[in-house]
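Here the structure comes first, spelled out in structure tokens, and everything after it is commentary.
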Amino acid sequence: MSKTTTYQKLIYAIGLVLSVLFIYTATSKLVQLDTFQSQLERMPYLSPYATWLTWTVPFTELVIAGLLLIEKHRTLAIYASLFLLGFFTIYITAVLQFSDSIPCSCGGVLSMLGWQDHILFNLTFMALAFCAILLIRKQNKLKLLDQDTT
Numbered sequence: 001m002s003k004t005t006t007y008q009k010l011i012y013a014i015g016l017v018l019s020v021l022f023i024y025t026a027t028s029k030l031v032q033l034d035t036f037q038s039q040l041e042r043m044p045y046l047s048p049y050a051t052w053l054t055w056t057v058p059f060t061e062l063v064i065a066g067l068l069l070i071e072k073h074r075t076l077a078i079y080a081s082l083f084l085l086g087f088f089t090i091y092i093t094a095v096l097q098f099s100d101s102i103p104c105s106c107g108g109v110l111s112m113l114g115w116q117d118h119i120l121f122n123l124t125f126m127a128l129a130f131c132a133i134l135l136i137r138k139q140n141k142l143k144l145l146d147q148d149t150t
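For what it's worth, UniProt numbering labels the leading residue of the sequence shown as 1, then goes sequentially.
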């Protein structure tokens, strides 16, 4: 098996894991839409946008999840995953610095995590996305080298 094939399989696997994460979190939010909106309304800095975010966040997660499953769009979707997870993590960290209590609007099992665990969870998935980006770059370099030798 060539390095390119190995990279391709690893990139696909990471994309699949990220896709499952986003499908799960989006579905959890949509199933409990009223609860999700109520929690957003209680979040510092986000409350004025709660109605808009109630639909935008799960929709964005589902779009990214779908794009992760399409090879042509996987690279873009991995970057989008890294950005979205990074944004969530930075927001959580910032709010924890300035607020005593914030509700978790994650949905499902993830809402049971403590904030430190949640940050660690996000960082783990961000690391996966970052690894996929490195693999994509290596794969692209190998493809360029293969083209130069032919």
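Beta carbons: idealized from backbone N, C-alpha and C, even for Gly.
Practice prompt. Taking 8 angstroms as the cut-off, decide whether the C-beta atoms of E61 and F22 are in contact.
Written response: Translated into the one-based positions of the sequence shown, residue 61 becomes position 61. Translated into the one-based positions of the sequence shown, residue 22 becomes position 22. Between E61 and F22, the C-beta spacing is below 8 angstroms.
Discussion item. Quick check: M112 and T89, are their CB atoms within less than 8 angstroms of each other?
Written reply: Taking the first residue of the sequence shown as position 1, residue 112 is located at position 112. Taking the first residue of the sequence shown as position 1, residue 89 is located at position 89. Contact: no.
Discussion item. Using a Cβ distance threshold of 8 angstroms, determine whether the segment 137 to 147 contacts the segment 7 to 19, with at least three qualifying pairs required.
Written reply: Flag = yes, the segment 137 to 147 and the segment 7 to 19 touch.
Worksheet item: In three-state terms, what does DSSP make of P58?
Response: Taking the first residue of the sequence shown as 1, we reach residue 58 at position 58. Residue state for P58 is assigned as helix, using DSSP reduced to three classes.
Worksheet item: Using 8 angstroms as the threshold, is the segment 78 to 87 in touch with the segment 40 to 56, meaning 3 or more CB pairs across them?
Response: Flag = no, the segment 78 to 87 and the segment 40 to 56 do not touch.
Item to complete: Within 10 angstroms of the Cβ of S19, are there 16 or more other Cβ atoms? Answer buried if so, exposed if not.
Response: As a working note, residue 19 is residue 19 in the sequence shown. S19 is classed as buried because its beta carbon has at least 16 other beta carbons within 10 Å across all chains shown.
Practice prompt. Output the residue ranges of the alpha helix (DSSP H) runs that lie fully inside the UniProt domain "Methylamine utilisation protein MauE" (9 to 134) and measure 4 residues or longer, sorted by chain position.
Written response: Residue ranges of uninterrupted alpha helix (DSSP H) with 4 or more members, entirely inside the UniProt domain "Methylamine utilisation protein MauE" (9 to 134) and ordered along the chain, are 33 to 41, 50 to 68, 74 to 98.
Worksheet item: Nearest CA to the CA of P58: which residue from L33, Q147, I78?
Response: Locating residue 58 in the sequence shown gives position 58, where the first residue counts as 1. The option with the nearest alpha carbon to P58 is L33.
Fill in: Sequence-distant residues of its chain with Cβ nearer than 6 angstroms to A77 (five each side left out)
Indexing the sequence shown from 1 puts residue 77 at position 77. These residues qualify, in order along the chain: I64, L67, L68.
Worksheet item: How would you label S47, buried or exposed, when you count the other beta carbons within 10 angstroms and need 16 or more for buried?
Response: Residue numbering aside, residue 47 sits at position 47 when the sequence shown is read from its first letter. With a threshold of 16 other beta carbon atoms within 10 Å, S47 falls short and is exposed.
Fill in: Best match in V17, S2, G15, S28 for proximity to V109 [C-alpha to C-alpha]
As a working mapping, residue 109 is identified with position 109 in the sequence shown. Per the C-alpha coordinates, the member of V17, S2, G15, S28 positioned closest to V109 is S28.
Worksheet item: Leaving out the 5 sequence neighbours to the left and right, which residues in its chain are closer than 7 angstroms to T75 when beta-carbon positions are compared?
Response: By 1-based counting over the sequence shown, the position of residue 75 is 75. Same-chain partners within the cutoff: I136.
Discussion item. Looking only at its chain, what residues have a beta carbon closer than 8 angstroms to the beta carbon of L128, apart from the 5 residues adjacent to it on each side?
Written reply: Taking the first residue of the sequence shown as position 1, residue 128 is located at position 128. Result list for L128: I14, V17, L18, in chain order.
Fill in: Of the listed residues L96, L144, C131, nearest to W115 (C-alpha basis)
Here residue 115 corresponds to residue number 115 of the sequence shown, with the count starting at 1. When each option's Cα is compared against that of W115, the closest is L96.
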